[in-house]
Amino acid sequence: MNKNALELYFICGSSNTDENLLTVVEKALDAGVTMFQLREKGSRALEGAELMEAASKIKELCNSYEVPFIIDDDYTLAEEIGADGVHIGQDDIEPQNLPPYFDDKIIGLSVGNAEELASSNLEKVSYIGTGPVYATLSKADAGKAIKPKGLADMRRLIGDMPMVAIGGITPDNYMACLENGADGICIISAIANAPDINAAVNRFL
Ligand code: TZP
Ligand code: MG
């Protein structure tokens with residue numbers, strides 16, 4: 001994959017904002033985020049036909065900004081709506097077992113530490129997401145913060161493999177992620193909950 005797309009990777013779902021999800025995504029795209037992931041989890045997560053409709057609309061939006069559109073976990077939905085890829089975690093389907101649709105798509109895998117790396121098959125993986133770098137309120141079971149040092153350790157182990165940092169990243173701390181081996185940063189709350197999304201995105205850019 002083109003590593004540049006990982007630069008400012010925005011993740012959002014209905015539970016991450018009090019605003020309309022599509023409005024938030026469009027504002028972030030318009031401000032210049034370079035990749036988007038739909039992560040529908042938690043109390044307000046859309047399901048069924050509503051989820052399919054929202055995902056299709058977001059796909060059209062991302063297409064119009066030429067920004068890759070990734071779906072978290074739900075590879076069936078990703079294939080159904082023709083998303084650019086899927087992001088999976090350690091407890092989801094293993095990357096090599098994804099359907100053939102994903103052979104030429106973006107496959108992201110969460111890999112938080114050396115143990116997870118050792119047990120992961122990265123053959124089909126396009127990038128790894130590593131974290132939580134800092135404490136986060138957006139994922140209850142995120143585990144202990146690995147700090148930028150954890151990114152540097154991971155970088156030494158993975159060579160050139162594209163890697164994004166995730167977890168608690170803000171305009172005040174993202175630079176340490178890039179300085180410690182991340183190709184880009186993944187953000188939920190610092191964009192989704194910003195009073196001015198355009199200003200927040202521009203602080204990162
Ligand atoms: N995986 C590890 S931390 C995290 C995920 C999905 C949440 C990141 O959200 P925020 O609000 O940017 O800390
Ligand atoms: Mg998952």
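First residue of the sequence shown? That's 1 in the UniProt record's numbering, and the numbers climb one at a time after it.
Positions of the beta carbon are idealized from the N, C-alpha and C atoms, including for glycine.
Am I right that I166 and V24 are in contact with their C-beta atoms under 8 Å? What's the rounded C-beta distance? Locating residue 166 in the sequence shown gives position 166, counting from the first residue. Locating residue 24 in the sequence shown gives position 24, counting from the first residue. Their Cβ separation, rounded to whole angstroms, is 18 Å, which puts I166 and V24 out of contact at 8 Å.
What distance in whole Å lies between the Cβ atoms of M1 and S126, which are believed to be in contact at a cut-off of 8 Å? For the purposes of this step, residue 126 is taken as the residue at position 126 of the sequence shown. For the purposes of this step, residue 1 is taken as the residue at position 1 of the sequence shown. Contact holds; Cβ gap of about 4 Å.
Are G184 and E19 touching if we call contact CB-CB under 8 Å? In the sequence shown, residue 184 corresponds to position 184, counting from 1. In the sequence shown, residue 19 corresponds to position 19, counting from 1. Result no, Cβ atoms of G184 and E19 do not sit closer than 8 Å.
Give me, in chain order, the residues of the same chain whose beta-carbon lies closer than 8 Å to that of Y9; leave out the 5 immediate sequence neighbours on both sides. For the purposes of this step, residue 9 is taken as the residue at position 9 of the sequence shown. Excluding positions up to five away in sequence, the list reads V33, T34, M35, F36, Q37, V164, G184, I185, C186, I187.
Residues near A54 in its chain [Cβ-Cβ closer than 6 Å; skip 5 each side]: As a working mapping, residue 54 is identified with position 54 in the sequence shown. Counting only residues of its own chain and dropping the five nearest sequence neighbours on each side, A54 has a CB closer than 6 Å to the CB of L46.
Beta-carbon within less than 7 Å of K27's beta-carbon, same chain only, minus the 5 sequence neighbours each way: which residues are those? Counted from its first residue, the sequence shown places residue 27 at position 27. Counting only Cβ-Cβ distances below 7 Å, and skipping sequence neighbours, we find I197, N198.
Does the ligand COA have a heavy atom nearer than 7 Å to the CB of G89? The ligand content of the structure shown is limited to the ligand TZP and the ligand MG, which means the ligand COA is not among them.
If contacts are defined as beta-carbon pairs under 8 Å, then C12 and L21 qualify, I think. What distance do you get, rounded to the angstrom? Residue numbering aside, residue 12 sits at position 12 when the sequence shown is read from its first letter. Residue numbering aside, residue 21 sits at position 21 when the sequence shown is read from its first letter. Confirmed, about 7 Å.
I'd like to know whether the C-beta atoms of A135 and N180 end up nearer to each other than 8 Å. Here residue 135 refers to the residue found at position 135 when the sequence shown is read from its first residue. Here residue 180 refers to the residue found at position 180 when the sequence shown is read from its first residue. It is not a contact, given that the beta carbons lie outside the stated cut-off.
With H, G and I counted as helix, E and B as strand and the rest as coil, what does DSSP make of T136? Counting from one through the sequence shown, the residue named residue 136 turns up at place 136. DSSP places T136 in coil when its eight states are reduced to three.
When every heavy atom of the ligand MG is checked, does at least one fall within less than 7 Å of the C-beta of D92? For the purposes of this step, residue 92 is taken as residue 92 along the sequence shown, with counting starting at 1. Indeed, a heavy atom of the ligand MG lies less than 7 Å from the Cβ.
Skipping 5 residues on each side, what residues in its chain have a beta carbon closer than 8 Å to that of S43? The residue labelled residue 43 in the question sits at position 43 within the sequence shown. Sequence-distant Cβ neighbours of S43 in its own chain, meaning closer than 8 Å and more than five residues away, are S15.
Helix, strand or coil: how does DSSP classify L46 here? Numbered from its first residue, the sequence shown carries residue 46 at position 46. Assignment of L46 by DSSP, reduced to helix, strand and coil, places it in the coil class.
Residues near D103 by beta carbon distance below 8 Å, same chain, minus five either side: The residue given as residue 103 occupies position 103 in the sequence shown. Contacts found: K124.
Measuring only the C-alpha atoms, how far is I146 from Y101? The count along the sequence shown starts at 1 and reaches residue 146 at position 146. The count along the sequence shown starts at 1 and reaches residue 101 at position 101. Roughly 33 Å separates the two Cα atoms.
Going along the chain, which residues of its own chain have a beta-carbon closer than 6 Å to the beta-carbon of R203, five neighbours each way excluded? Within the sequence shown, the letter at position 203 stands for residue 203. P171, listed in sequence order.
Bridge partners for V164 per DSSP, in chain order? By one-based count along the sequence shown, residue 164 stands at place 164. According to DSSP, V164 bridges with G129, G184.
Can you list the alpha helix (DSSP H) stretches of 4 or more residues lying completely in the segment 7 to 70, in chain order? List check, alpha helix (DSSP H) in window: 21 to 31, 48 to 64.
Flag D72 as yes when its Cβ comes closer than 7 Å to any non-hydrogen atom of the ligand MG, and as no otherwise. Position 72 of the sequence shown holds residue 72. True, at least one ligand heavy atom lies under 7 Å from that Cβ.
Reference N173; option with closest CA among P132, S120, M161: Residue numbering aside, residue 173 sits at position 173 when the sequence shown is read from its first letter. Distance check between N173 and each of P132, S120, M161 places P132 closest, using alpha-carbon atoms only.
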